[in-house]
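Number of protein chains: 2
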Amino acid sequence: MGRGGDATGVTISEVAAAAGVSRQTVSNVLKAPERVAPETAARVRRAIDELGYRPNRAAQNLRQRTSRCIGLKMVSPSGVSDLFDRFLHALTEAAGAAGYHVLLFGAAGDELTTSEDLIRTGTVDALVLVDVEVGDPRLPWFTRRGIPFVCFGRPRGQARGRFWWADVDGAHGVARAVDHLVARGHRRVAYLGWPPGNGFGDDRRAGWEEAVRRHGLDAADLVAGSAEDVAAAAAAARTLLAGSEPPTAFACGSDTFAVGARLAGGIGPDGWPNLDVVGFDDSPAVMLMSPPMSSVRQPLDEVARRVVGLLIDRLSGAETPREGVMLRPDLVIREWRGPEPVH
Amino acid sequence: MGRGGDATGVTISEVAAAAGVSRQTVSNVLKAPERVAPETAARVRRAIDELGYRPNRAAQNLRQRTSRCIGLKMVSPSGVSDLFDRFLHALTEAAGAAGYHVLLFGAAGDELTTSEDLIRTGTVDALVLVDVEVGDPRLPWFTRRGIPFVCFGRPRGQARGRFWWADVDGAHGVARAVDHLVARGHRRVAYLGWPPGNGFGDDRRAGWEEAVRRHGLDAADLVAGSAEDVAAAAAAARTLLAGSEPPTAFACGSDTFAVGARLAGGIGPDGWPNLDVVGFDDSPAVMLMSPPMSSVRQPLDEVARRVVGLLIDRLSGAETPREGVMLRPDLVIREWRGPEPVH
DNA sequence: GTCGCCGGTTTGATCGTTCAAATTGTCACC
DNA sequence: GGTGACAATTTGAACGATCAAACCGGCGAC
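Chains as they are written, first to last, in my numbering: chain Y, 12 to 354; chain G, 12 to 354.
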């Protein structure tokens with residue numbers, strides 16, 4: 012380090028002067044070491060260390076016409092799932108590993124124009140979109156304006172092949188949940204999630220349908236939709252439980268639904284919940300339930316890595332084909348007691 | 012807008028040419044309109060709109076030697092409280108309102124050198140520190156190197172007057188919780204939180220002590236410390252409840268402790284929890300509890316605004332006195348039933 | 001002996017903006 | 001008519017890095 016004290020100031024020219032070479036040679040030492048004679052490089056490197064030189068980011072950005080930043084719109088923390096939070100964490104790490112930073116921007120003002128501004132001013136190189144909705148207007152809007160972006164969440168309601176995205180196979184996750192419940196001896200496994208029409212809600216419910224059919228279960232009357240809050244979910248679950256042949260287990264579209272389902276099932280005389288319930292998202296709130304609850308966990312680290320990877324491909328200019336990546340979630344099993352596995 | 016299509020490219024010179032003036036005049040229209048004749052300004056503004064000009068951020072940063080970014084280290088999402096998440100949200104908004112962006116960086120590598128790098132390269136102008144610990148080494152380290160920063164959380168174990176910070180008065184919050192419980196008729200109000208030695212843990216417990224003394228309650232044996240996880244908290248609460256004169260209510264150091272306490276109290280024959288419990292942080296996980304739980308809420312929006320305010324003062328160069336700001340939390344009351352208020 | 005080549009290094013230009021100083025035009029005042 | 005004051009605008013020079021092209025000394029080939 013050497014200097015310490017002031018937080019600004021050492022330029023490449025000062026390093027060059029100290030090492031008795033030109034600016035370009037210093038630059039080469041850092042960017043293309045093979046072009047520099049070993050002992051020159053050593054001399055330059057010493058000067059860099061002694062002066063504590065760090066290349067100025069703004070100058071690099073200006074010259075290279077990049078910011079090495081990706082923009083992400085902050086979404087309001089909502090509900091029990093801290094999915095955005097965890098994705099943000101994963102994205103920060105993945106971006107950092109690739110030499111990028113994540114730049115957050117707020118919800119104030121219009122997202123479309125704010126985003127365009129960030130791109131046009133060169134503040135960020137690209138955007139990451141989360142919470143992609145059915146027929147999301149941002150996708151065509153950004154595409155039309157040549158704004159590079161990658162989605163977490165497959166585009167629905169528009170041609171997928173036109174965009175870059177990474178997503179988690181919710182249907183697969185719920186199907187694994189049903190498999191697990193069936194293996195524990197359940198024959199009447201209900202599904203509780205969003206009403207039809209919600210993008211990933213439909214996806215997850217389709218997973219339940221597939222699994223139920225595959226296992227030859229009769230469950231036509233065991234599906235319910237409701238708003239995603241605990242009270243509404245509990246009410247919907249109670250309706251299913253009041254039927255003539257009530258379910259003994261629930262696979263749910265989210266942890267919030269799952270908490271509601273368990274609440275509706277109540278506690279048995281043995282002190283344990285009456286229902287086997289599997290949630291989706293593996294949010295911290297379910298970990299602290301007692302007894303703990305199994306849940307489908309999205310591979311957010313992998314999603315973030317893929318998103319960053321796609322983004323870098325996209326920015327590299329190479330006319331890479333637009334592509335989507337589908338990842339499989341895990342089922343995190345947290346047992347307590349209940350029906351024994353059947354085999 | 013006009014062009015659309017390409018996301019890059021219109022420079023101030025092109026605007027100047029289009030409007031028939033010099034670059035500097037265009038710059039003045041945007042930065043110092045009073046120096047420009049009205050009809051010239053109008054002509055320039057029209058050219059700006061037609062070409063869709065947006066000033067290049069890297070060029071501005073380079074010339075002005077600022078980035079208008081503040082750096083924040085991402086901390087791992089942990090536990091039930093999404094406090095960092097919410098603070099981040101508030102900070103993004105507050106920074107945005109002041110013309111700054113929040114740049115996240117990951118935990119990979121050493122925080123100290125990573126942070127210094129961000130400053131030295133001019134990637135960020137200043138840092139925001141959260142989770143400030145007792146005798147936090149970052150404070151003197153950054154100060155010695157002239158790295159501007161503002162803390163969320165008062166510095167403990169070092170002279171406070173030497174730093175800029177904003178914090179929430181945890182003692183006040185817990186005292187309000189105790190007041191509330193006493194008003195509901197409780198005379199034996201316990202405290203459950205971190206063991207002594209934890210910075211804000213001690214602060215919050217001190218609030219309980221003050222309130223208990225002020226109300227003339229006898230509660231010397233009603234304080235317990237444990238690790239911050241539900242199971243450990245429940246165990247600690249059970250120990251208190253097993254005493255000869257068990258508490259009838261708990262004020263807690265965090266929502267996690269509060270969930271543990273309520274769990275330990277169990278459900279009464281009437282189907283309601285046996286204990287009155289007040290948490291701290293008002294995390295979403297407590298909102299979804301049934302019945303809901305009261306909790307002390309930190310004024311994060313205000314904290315974020317103050318942090319940004321201090322930061323701007325700090326960066327403005329004016330030798331403003333270093334100062335700390337202490338804010339008061341609110342008690343969010345979520346009633347269900349239980350002892351009637353006594354008045 | 002001249003030429004071309006090559007690794008290693010330097011020079012000049014450039015990215016797009018803003019600062020500071022210079023320039024022009026207009027008018028009032030002596 | 002000359003001078004100073006002033007408003008409006010322009011010019012030149014940074015800011016710190018990198019790209020592209022030029023340069024230079026030494027060596028082998030013809």
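For glycine and all other residues, C-beta sits at the position ideal for the given N, C-alpha and C. Keep in mind it's a predicted model, so treat the numbers as computed, not measured.
Three-state class that DSSP yields for residue i in the structure shown
i: Ala217 (chain Y); result: helix
i: Asp142 (chain Y); result: coil
i: Val86 (chain G); result: coil
i: Ile344 (chain G); result: coil
i: Ser255 (chain Y); result: coil
i: Val32 (chain Y); result: coil
i: Val297 (chain G); result: helix
i: Gly133 (chain Y); result: coil
i: Ser24 (chain G); result: helix
i: Ile81 (chain G); result: strand
i: Ala118 (chain G); result: coil
i: His100 (chain G); result: helix
i: Arg308 (chain Y); result: strand
i: Gly212 (chain Y); result: helix
i: Ala385 (chain G); result: Nothing in the structure corresponds to residue 385 (chain G), since chain G is present only between 12 and 354.
Spatially closest choice to residue i from the options, by CA coordinates
i: Ser38 (chain Y); options: Y:Pro206, Y:Val55, Y:Ala29, Y:Ala186; result: Y:Val55
i: Phe189 (chain Y); options: Y:Pro148, Y:Gly168, Y:Arg225, Y:Ala170; result: Note that residue 189 (chain Y) corresponds to Val in the displayed sequence, not to Phe. Checking every option, the nearest Cα to that of Val189 (chain Y) belongs to Y:Arg225.
i: Val336 (chain G); options: G:Phe174, G:Asp240, G:Gly212, G:Gly157; result: G:Phe174
i: Ala275 (chain G); options: G:Ser255, G:Ala243, G:Gly264; result: G:Ala243
i: Asp180 (chain Y); options: Y:Gly320, Y:Arg216, Y:Leu129, Y:Asp147; result: Y:Arg216
i: Ala238 (chain Y); options: Y:Gly208, Y:Asp232, Y:Phe261, Y:Leu228; result: Y:Gly208
i: Arg199 (chain G); options: G:Val234, G:Arg187, G:Ala177; result: G:Val234
i: Trp283 (chain Y); options: Y:Asp60, Y:Thr250, Y:Glu346; result: Y:Glu346
i: Thr259 (chain G); options: G:Thr267, G:Gly277, G:Ser265; result: G:Gly277
i: Gly320 (chain G); options: G:Glu122, G:Ala119, G:Ala137, G:Ala201; result: G:Ala137
i: Val307 (chain G); options: G:Asp324, G:Cys263, G:Gly31; result: G:Cys263
i: Leu94 (chain G); options: G:Val141, G:Gly328, G:Gly172; result: G:Val141
i: Glu334 (chain G); options: G:Arg155, G:Pro280, G:Arg171; result: G:Arg171
i: Phe268 (chain Y); options: Y:Ala201, Y:Ser24, Y:Leu342, Y:Arg76; result: Y:Ala201
i: Arg187 (chain G); options: G:Gly212, G:Ile344, G:Asp128; result: G:Ile344
i: Ala206 (chain G); options: G:Pro44, G:Ala247, G:Arg79, G:Val143; result: Checking the displayed sequence, the identity of residue 206 (chain G) turns out to be Pro instead of Ala. Nearest of G:Pro44, G:Ala247, G:Arg79, G:Val143 to Pro206 (chain G), Cα basis: G:Ala247.
i: Asp341 (chain G); options: G:Arg65, G:Glu313, G:Ile130; result: G:Glu313
i: Arg339 (chain G); options: G:Val289, G:Gly328, G:Gly184; result: G:Gly184
i: Gly168 (chain Y); options: Y:Glu45, Y:Leu150, Y:Leu251; result: Y:Leu150
i: Glu127 (chain Y); options: Y:Asn72, Y:Gly210, Y:Ser87, Y:Pro159; result: Y:Pro159
Inter-residue spacing [alpha-carbon to alpha-carbon] between residue i and residue j
i: His354 (chain Y); j: Gly196 (chain Y); result: Residue placement at His354 (chain Y) is poorly supported in this model, since its pLDDT is 42, which falls under 50; the coordinates are not used for a value here.
i: Val318 (chain G); j: Val145 (chain G); result: 19 Å
i: Asp96 (chain G); j: Asp96 (chain Y); result: 6 Å
i: Ala48 (chain Y); j: Gln35 (chain Y); result: 13 Å
i: His191 (chain G); j: Lys42 (chain G); result: 53 Å
i: Gly157 (chain Y); j: Leu203 (chain Y); result: 40 Å
i: Ala28 (chain Y); j: Glu50 (chain Y); result: 16 Å
i: Leu102 (chain G); j: Ala52 (chain Y); result: 43 Å
i: Ala18 (chain G); j: Pro166 (chain Y); result: At Ala18 (chain G) the pLDDT is 46, less than 50, meaning the model places this residue with poor confidence and gives no usable figure here.
i: Pro295 (chain Y); j: Val40 (chain G); result: 52 Å
i: Asp266 (chain Y); j: Ser305 (chain Y); result: 10 Å
i: Leu286 (chain Y); j: Ala182 (chain Y); result: 22 Å
i: Phe163 (chain Y); j: Pro148 (chain Y); result: 15 Å
i: Asp292 (chain G); j: Leu311 (chain G); result: 10 Å
i: Ile59 (chain G); j: Ile81 (chain Y); result: 26 Å
i: Ala272 (chain Y); j: Leu62 (chain G); result: 57 Å
i: Thr154 (chain G); j: Gly227 (chain G); result: 45 Å
i: Met85 (chain G); j: Leu115 (chain G); result: 6 Å
Mind checking the region 129 to 158 of chain Y against chain G and listing, in chain order, the residues whose C-beta falls within less than 8 Å of any C-beta there? Ile130, Arg131, Thr132, Gly133, Thr134, Arg155, Arg156, Gly157, Ile158
What are the residues in the region 207 to 222 of chain Y lying within 9 Å of chain G by C-beta distance? So the list is empty, because no residue satisfies the distance condition.
If we require 3 or more residues per run, which beta strand (DSSP E) segments fall completely within the region 262 to 295 of chain G? 287 to 291
Run through the region 164 to 190 of chain Y for me and flag every whole beta strand (DSSP E) of 3 or more residues, listed as ranges in chain order. Taking only runs of at least 3 residues, the beta strand (DSSP E) segments lying wholly in the region 164 to 190 of chain Y are 176 to 179.
Output needed in chain order: residues of the region 96 to 110 of chain G with a Cβ under 9 Å from some Cβ in chain Y. Asp96, Arg97, Leu99, His100, Leu102, Thr103, Glu104, Ala105, Ala106, Gly107, Ala108
Contacting positions in the region 57 to 68 of chain G - beta carbon closer than 7 Å to chain Y: Arg65, Pro66, Asn67, Arg68
Relative to chain G, which residues along the region 157 to 171 of chain Y have a C-beta separation below 8 Å, given in chain order? Gly157, Ile158, Pro159
Taking only beta carbons into account, state which residues of the region 269 to 290 of chain G come closer than 9 Å to chain Y, listed in chain order. Within the region 269 to 290 of chain G, the residues whose Cβ lies closer than 9 Å to some Cβ of chain Y are Val270, Gly271, Leu274, Ile278, listed in chain order.
3 or more residues per run - each beta strand (DSSP E) lying fully within the region 219 to 251 of chain Y: Listed in chain order, the complete beta strand (DSSP E) runs (minimum 3 residues) inside the region 219 to 251 of chain Y are 234 to 236.
What residues in the region 113 to 125 of chain Y have a beta carbon less than 7 Å from any beta carbon of chain G? Hits within the stretch, in order: Val113, Leu114, Leu115, Phe116, Gly117, Ala119.
Using a Cβ-Cβ cut-off of less than 9 Å, give me the residues of the region 232 to 252 of chain Y that come near chain G, in sequence order. Asp240, Val241, Ala242, Ala245
Can you list, in chain order, the residues of the region 171 to 182 of chain G whose Cβ is nearer than 9 Å to any Cβ on chain Y? none
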